[in-house]
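Asker: Below are the structure tokens for one structure; questions will follow.
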Amino acid sequence: MEINPENWLEHLRDLPSDIQDYKTCTYLVALEGWRRGLKLTFHIRPSIAIGPSAQFSLSNGERTHFFTVSRGDSVSEDAIKICSNKPLTYQYLAKNNIPIPEGKSFGSDVEDEKIIAYAEKLGFPLVLKPTNASSGRGVITDIRTIESFKRSLLDVRHKQGFQNVIVERFITGEDYRIYVINNQVVAATRRTIPSVIGDGEHTIEELIKIKNKIRRKNPFLRFRNIKPNQDMRAVLKEKSLTVNSIPEKGERIFLRRQGVYLSERDPVDITDEMLDSLKKIAVSAMKSIPGLTQCAVDMLVNEKTGEGYVNEINSRPQISNHIFPIEGKARDVPKEIIDFYFPETVNQYRNEKFYFDFEPVYQAFYSRNVREIVIPDWPKEPQVSRRFRLSGNLRGVKYDKWIRAHAAKLRLNGYFKHLKNGKTSIVVSGSPENIDKFRNIITNKAPKNAQVKKIIEKGWDKPIKVGFEFKKSHPKSDFDQLTQTKTEVKKLQKEIKRLKSLNKKYITEINSIKSSKSWKLTKPFRNIINKNK
473 MEINPENWLE HLRDLPSDIQ DYKTCTYLVA LEGWRRGLKL TFHIRPSIAI
523 GPSAQFSLSN GERTHFFTVS RGDSVSEDAI KICSNKPLTY QYLAKNNIPI
573 PEGKSFGSDV EDEKIIAYAE KLGFPLVLKP TNASSGRGVI TDIRTIESFK
623 RSLLDVRHKQ GFQNVIVERF ITGEDYRIYV INNQVVAATR RTIPSVIGDG
673 EHTIEELIKI KNKIRRKNPF LRFRNIKPNQ DMRAVLKEKS LTVNSIPEKG
723 ERIFLRRQGV YLSERDPVDI TDEMLDSLKK IAVSAMKSIP GLTQCAVDML
773 VNEKTGEGYV NEINSRPQIS NHIFPIEGKA RDVPKEIIDF YFPETVNQYR
823 NEKFYFDFEP VYQAFYSRNV REIVIPDWPK EPQVSRRFRL SGNLRGVKYD
873 KWIRAHAAKL RLNGYFKHLK NGKTSIVVSG SPENIDKFRN IITNKAPKNA
923 QVKKIIEKGW DKPIKVGFEF KKSHPKSDFD QLTQTKTEVK KLQKEIKRLK
973 SLNKKYITEI NSIKSSKSWK LTKPFRNIIN KNK
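Using the numbering used here, you'd call the opening residue of the sequence shown number 473 and step up by one each time.
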């Protein structure tokens, strides 16, 4: 039951193409409030991190609330400090009898030998993780031998640089991410080992490619492909399979071991099937932290016994895995957040016909060109949306500027786009009166150098961005550009490796490649690729 955009929340099916990864959390909460008619303002503060952590506020005219990503200002500073300190979080949880994995934290002043001695005393299997990292960075699970623990400790402390660590008992079970707000669980996701489901026709390798196409449609998983490698081949070999095996129809094949390749995990919604006893633990865990009113509770759950252990509380979690699950029902977490902060808008009209562009806001924060940006309100008067498809010679005659000028004068929202088939598409939304005026202008008052042969008009029911823009014809997505560049980088790196292995006399050729235009132009992408290896 793998999900695709047609199964997502209807009002979030059409988002700007640049809304991806961690930007989705900020954008979707802000969009929900804006669509309810709240005043939306983005703020920059010298002490606030740029990008995903940019602050924004929503106001109803009498009351204003500030947000950082999905976290609102009802969460106290003390709660934030507690949640960012895992050992301290455990203290509060233990004080309130919340089940947590047995373990101990160690500061930077503790020598490796003492940590190793504690690990031997606690017994295997174990988990080693930093006390202050996020998104799974530095976490090593299911450590089964002292030799493996020593290697893991060397990696986490001395290679990755996380000096403060936690050693705890590894709990066998599923990884749950539970979103709690207003003392209730509103969404729960099982973060599962990546898998494919057989159809009796395609190989595992082909099924992975199909799965990756689905993931690339997902704003949060767009850059998180499942990548076949030696580790995956070893896992498949244990099941007497290879990447060329063809699973039977309906057969699920898990591709990784538990606790590794965390970015490849599949978010699967389990809100309705989750045990009430586990939901109660999650709510109690949130209430154990003073001043915490919304959060994500991470739990390790033995689904056979129903036992669950809280292993982390995140006061500023990403919420996209609940909104765009790979399997299961999408949950409207942004709605729950705005309901909590602005309860008077619960039954208020939500205008789903419009959205705002986030990329200029995002770039402005990076460049620090502004202190704040106020997003214009969506049109309050009745609107009509139409699409006009024009045939004729409209390229190179400044027709787009002429259209944009009239769209601005008539206060129309929408876009202008030259299509690959030679035609031109114009989508506009405005008052019925102004749409009539626009129709008359493009039909009867076109510039002399613009040759309009035919106009086909149709209704338009998809959301429209506030403002009027000129779109390029079928631009490549960031993912496609990165994928294409990554392929080019790999070819260049492979050629250098081949030449090095032959003879030193080919050093001249190597230098030629490194001084080539392709090598220079791909430098930013090579940095990204090497960083994400």
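Heads up, the beta-carbon is just placed ideally off N, CA and C, and yes, glycines get one too.
Might you give, ordered along the chain, the residues of its own chain that have their beta carbon closer than 7 angstroms to the beta carbon of Ser949, omitting 5 neighbours on each side?
Answerer: Its pLDDT being 44, under 50, Ser949 is placed unreliably in this model, and the value from its coordinates should be taken loosely. Ser489.
Asker: Would you kindly work out how many angstroms separate the C-alpha atoms of Ile718 and Tyr733, rounded to a whole number?
Answerer: When rounded, the distance between both Cα atoms is 23 angstroms.
Asker: Work out the CA separation of Ile676 and Ser749 for me, nearest whole Å.
Answerer: Approximately 38 angstroms, taken between the alpha carbons.
Asker: Going along the chain, which residues of its own chain have a beta-carbon closer than 7 angstroms to the beta-carbon of Lys1024, five neighbours each way excluded?
Answerer: Limits of the chain in this structure are 473 at one end and 1005 at the other, which puts residue 1024 out of reach.
Asker: Rounded to whole angstroms, how far is the Cβ of Tyr499 from the Cβ of Phe812, which I believe are closer than 8 angstroms?
Answerer: In fact, because the Cβ distance is near 19 angstroms, the residues do not count as touching under 8 angstroms.
Asker: Does Ala566 pass the burial test, meaning 16 or more other C-beta atoms within 10 Å, or should it be called exposed?
Answerer: With fewer than 16 Cβ atoms within 10 Å of its Cβ, Ala566 is classed as exposed.
Asker: DSSP three-state label for Val755, please.
Answerer: If DSSP states are grouped into helix, strand and coil, Val755 belongs with the helices.
Asker: Rounded to the nearest angstrom, how far is the Cβ of Ser787 from that of Cys555, given a contact under 8 angstroms?
Answerer: Confirmed, Cβ separation roughly 4 angstroms.
Asker: What whole-angstrom Cβ distance do Phe578 and Val637 have, given they're in contact under 8 angstroms?
Answerer: So it is a contact: roughly 6 angstroms between Cβ atoms.
Asker: Can you list the alpha helix (DSSP H) stretches of 4 or more residues lying completely in the segment 803 to 852, in chain order?
Answerer: Runs found: 805 to 813, 831 to 839.
Asker: May I ask which residues mark the beginning and end of the alpha helix (DSSP H) holding Ala879?
Answerer: Per DSSP, Ala879 belongs to the alpha helix (DSSP H) from 871 to 881.
Asker: With Asn684 as the anchor, note down where its alpha helix (DSSP H) starts and where it stops.
Answerer: Asn684 -> alpha helix (DSSP H) spans 676 to 689.
Asker: What does the alpha-carbon distance come out to for the pair Arg859 and Lys711?
Answerer: C-alpha separation (whole angstroms): 54 angstroms.
Asker: For Lys558 and Phe634, what's the separation of their Cα atoms in angstroms?
Answerer: If you take the alpha carbons of Lys558 and Phe634, they lie about 14 angstroms apart.
Asker: Counting C-beta neighbours from all protein chains within 10 Å, is the total for Met473 16 or more, i.e. buried, or is it exposed?
Answerer: Because Met473 carries a pLDDT of 42, less than 50, the predicted location of this residue cannot be relied on, and no value is offered for it.
Asker: Provide the residue span of the alpha helix (DSSP H) that contains Tyr562, from first to last.
Answerer: Its alpha helix (DSSP H) spans residues 558 to 567.
Asker: Note down the Cα distance separating His674 from Gln855, rounded to an integer number of angstroms.
Answerer: Looking at the two C-alpha atoms, the distance is approximately 48 angstroms.
Asker: Would you mind working out which of Lys683, Lys776, Tyr648, Leu594 sits nearest Thr743, comparing C-alpha positions?
Answerer: For Thr743, the nearest C-alpha among the options comes from Tyr648.
Asker: Measure how close the beta-carbons of Ala802 and Ile795 come, nearest whole angstrom, since I'm counting them as under 8 angstroms.
Answerer: Between Ile795 and Ala802 the Cβ distance is about 6 angstroms, and since that is below 8 angstroms, they are a contact.
Asker: Can you tell me which of Ile847, Ile612, Ser546, Gly939 puts its alpha carbon nearest to the alpha carbon of Asp627?
Answerer: Asp627 has its Cα closest to that of Ile612, out of Ile847, Ile612, Ser546, Gly939.
Asker: In this structure, what does DSSP give as the bridge partners for Glu929?
Answerer: Glu929 pairs with Phe860.
Asker: In terms of alpha-carbon separation, which member of Thr915, Glu853, Thr513, Gly533 lies closest to Ser903?
Answerer: When only C-alpha atoms are compared, the closest one is Glu853.
Asker: Taking Thr513 as part of the beta strand (DSSP E), name the residues at either end of that continuous run.
Answerer: Start and end: 511 to 515.
Asker: Closer than 6 angstroms by C-beta to Asp952: which residues in its own chain qualify, once you throw out the five before and the five after it? Chain order, please.
Answerer: Note that Asp952 scores a pLDDT of 46, beneath 50, so its modelled location is shaky; the value from the coordinates is reported in the next line. Correct list: empty, nothing qualifies.
Asker: Let me know the secondary structure DSSP gives Gly902 once reduced to three states.
Answerer: Gly902: strand per DSSP, three-state reduction.
Asker: Using the beta-carbon count (16 or more within 10 Å), is Asn906 buried or exposed?
Answerer: Classification for Asn906: buried.
Asker: Please name the residue in Val773, Lys892, Val805, Ser667 whose C-alpha comes closest to that of Glu504.
Answerer: Ranking Val773, Lys892, Val805, Ser667 by Cα distance to Glu504 puts Val805 first.
Asker: Near Tyr781, what residues of its chain come up, given a Cβ to Cβ distance below 7 angstroms and the 5 sequence neighbours on each side ignored?
Answerer: Excluding residues within five positions, the ones whose Cβ falls inside 7 angstroms are Pro571, Ile572, Pro573, Ile643, Met771, Leu772.
Asker: Once DSSP output is grouped into helix, strand and coil, what is the label at Gln923?
Answerer: Reduced to three states, the DSSP call for Gln923 is strand.
Asker: Secondary structure at Arg788, three-state DSSP: helix, strand or coil?
Answerer: Looking at Arg788 - three-state DSSP - the assignment turns out to be coil, as it is neither helix nor strand.
Asker: Using 8 angstroms as the threshold, is the C-beta distance between Ser529 and Thr513 below it?
Answerer: Against a cut-off of 8 angstroms, the Cβ pair of Thr513 and Ser529 comes out as a contact.
Asker: Is the Cβ-Cβ distance between Phe940 and Gly864 less than 8 angstroms?
Answerer: Cβ distance not < 8 angstroms, so Phe940 and Gly864 don't count as in contact.
Asker: Go ahead and label Glu784 buried or exposed: buried means 16 or more other beta carbons lie within 10 angstroms of its beta carbon, across all protein chains shown.
Answerer: Glu784 is buried by the Cβ-count criterion.
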